[in-house]
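In this text, residue positions in the sequence shown follow the working numbering: the first is 40, and each later residue adds one.
Every residue, glycine too, gets a C-beta built ideally from N, C-alpha and C.
Bear in mind that the values here come from a model prediction, so they are computed numbers and not experimental data.
Written out below as structure tokens is the structure these notes cover.
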Amino acid sequence: MKILVVEDEIKTGDYLRQGLTEAGFVVDLARDGLDGLHLAQTDAYDLAILDVMLPGIDGWAVLQGIRRAGKDMPVLFLTARDQVQDRVHGLELGADDYMVKPFAFAELLARVRIHLRRGSKAKESEYLRAADLELDLMRRRVTRAGRRIDLTVKEFALLELLLRRQGEVLPRSLIASQVWDMNFDSDTNVIEVAIKRLRLKIDEDFELKLIRTVRGMGYVLEIAE
Ligand code: CA
């Protein structure tokens, strides 16, 4: 899942990006309001975290721009402005939550997950499945035939993508942009290595193989005949 962070304070921005990345999210960080709004309008995010006092345009204006563009992703304000009227203003503009700095990262992460869960509940189930493989989106757990499988953050994201687009051959360039948030570079074998590891964990011990390589095209997860 992809999160947009708009924060001009260098340290806070880096801290948020690192923490959220380690928690398994793909993070885009904008350092000013205009960049943030531009990203929000042009890319697809599952959630946004906005500072209020920003260079360019402030967080209020970023949120208004996001809503005007018809984007209904959850938006959290994270700001040093702790006045009641600020909170009310933020919520009235259509923010989903409001946290005051200094903040505890664990609490921010918990709130992010609650909002993502609310958003996803309306749209989809919390589980992705193929045959006896099950991925629990909220608890971030994977089982096959009831047996727990431990995955790294990237392996989990890769499996989630393959399961969401089950039966579809996914080119490596698409996997690179969705899971690693990078442009595809043919010199790197990071995707091949990750697929290989994932297969060892998901398919190796089972007769029914789910992940398949389609030569020259990419990878697909499907229940073969
Ligand atoms: Ca600021």
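For ligand 1, enumerate in chain order all residues having a CB closer than 6 Å to any of its heavy atoms.
The set of residues with a C-beta under 6 Å from any non-hydrogen atom of ligand 1 comprises Asp-47, Glu-48, Asp-90, Met-92, Leu-93, given in chain order.
Should Val-91 go down as buried or exposed, given a rule of 16 or more other Cβ atoms within 10 Å for buried?
Residue burial is scored here from C-beta neighbours: Val-91 has at least 16 other C-beta atoms within 10 angstroms and is therefore classed as buried.
Please state if the CB of Leu-190 and the CB of Leu-59 are separated by a distance shorter than 9 Å.
It is not a contact, given that the beta carbons lie outside the stated cut-off.
Residues in its own chain within less than 6 Å of Gly-257 by CB, not counting five upstream and five downstream?
Around Gly-257: Val-208, Leu-209, Pro-210, Arg-211.
Around the C-beta of Ile-49, are 16 or more other C-beta atoms found within 10 angstroms, so that it is buried, or is it exposed?
Its Cβ having fewer than 16 others within 10 Å, Ile-49 is exposed.
If we define contact as Cβ-Cβ less than 9 Å, is Trp-219 a contact residue for chain B?
Absent here is chain B; the protein component of the structure consists of one chain.
Given Arg-281, which residues of its chain have a CB within under 6 Å of its CB, disregarding the five upstream and five downstream residues?
Outside the shown range of the chain, which is 40 to 264, sits residue 281, and nothing can be said about it.
Assuming contact is defined by CB atoms lying nearer than 9 Å, are Ile-96 and Gly-72 in contact in what I supplied?
The beta carbons of Ile-96 and Gly-72 sit closer together than 9 Å.
Secondary structure of Arg-206, DSSP reduced to three states
The question names Arg, yet the displayed sequence has Gly at residue 206. Residue state, collapsed to three classes: coil.
According to the neighbour-count rule (16 or more other Cβ atoms, all chains shown, within 10 Å of its Cβ), is Thr-118 buried or exposed?
Per the 10 Å Cβ criterion, buried.
Touching by the beta-carbon criterion (3+ pairs, under 8 Å), the segment 106 to 115 and the segment 75 to 88
Yes, they touch.
Grouping DSSP H, G and I as helix and E and B as strand, with all else coil, what is Lys-235?
Helix at Lys-235.
Return the residue from the list Asp-136, Glu-231, Leu-155, Ile-262 that minimises the CA-CA distance to Phe-245.
The shortest Cα separation from Phe-245 among Asp-136, Glu-231, Leu-155, Ile-262 belongs to Ile-262.
Thinking C-alpha only, which one of Asp-135, Leu-172, Arg-238 is nearest Arg-150?
Considering only alpha carbons, the answer is Asp-135.
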